[in-house]
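Each step along the sequence shown adds one to the number in UniProt numbering, with nothing skipped, and position 20 is 20.
The beta carbon of each residue, even a glycine, is placed where N, CA and C say it ideally should be.
To start, the structure itself, in structure tokens.
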Amino acid sequence: MSKLKLRPGTILPSDEEDAKIRKAAKSDPDTMLLEDENIKLFPYSQLKTLRRKGRPVTDCPKVSVNIRYSPEVVEAFRATGSGWQTRMNAALKDWLKQHKPEDVKI
Numbered sequence: 001m002s003k004l005k006l007r008p009g010t011i012l013p014s015d016e017e018d019a020k021i022r023k024a025a026k027s028d029p030d031t032m033l034l035e036d037e038n039i040k041l042f043p044y045s046q047l048k049t050l051r052r053k054g055r056p057v058t059d060c061p062k063v064s065v066n067i068r069y070s071p072e073v074v075e076a077f078r079a080t081g082s083g084w085q086t087r088m089n090a091a092l093k094d095w096l097k098q099h100k101p102e103d104v105k106i
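Here is the structure:
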């Protein structure tokens, strides 16, 4: 879970303090509430439960590695266009169904 980046020394109100602040703001005649269909205010404690942006978390995430392939192998997959790394992963997974890595002679 990502953390909200705040300046050092920032003190956030507790839920009780936040409720008091909101109540005081509502009773102040000079205060305009920011309530609109495009604006939604909520307590800081709810920020932790918000869905993160980006790709969804998977049950079995891929592992990032740095590996070297021969140029002809990389070019063959790159020539297939966008998604070539995913296709390379699929090709290796398919190969593993029929072979064992320890049987490869180097």
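When the options are compared against residue i, the one with the closest alpha-carbon
| i | options | result |
| --- | --- | --- |
| Ala76 | Ala91, Gly54, Lys5 and Tyr44 | Ala91 |
| Leu11 | Tyr44, Thr31, Lys93 and Lys53 | Residue 11 is actually Ile in this sequence, not Leu. The shortest C-alpha separation from Ile11 is found at Tyr44. |
| Val73 | Val65, Thr58, Gln85 and Lys100 | Gln85 |
Residue range of the unbroken alpha helix (DSSP H) whose run includes residue i
| i | result |
| --- | --- |
| Arg89 | Note on residue identity: the sequence assigns Asn, not Arg, to residue 89. Here the alpha helix (DSSP H) through Asn89 covers Trp84 to Gln98. |
| Arg7 | That residue, Arg7, is in no alpha helix (DSSP H); it is neither H nor E in DSSP. |
| Ser27 | Asp15 to Ser27 |
| residue 107 | The requested residue 107 does not occur in the structure, where the chain is confined to residues 1 to 106. |
| Val74 | Pro71 to Arg78 |
For residue i: DSSP bridge partner residues
| i | result |
| --- | --- |
| Ile106 | Note: Ile106 sits in no beta bridge, so no partner. |
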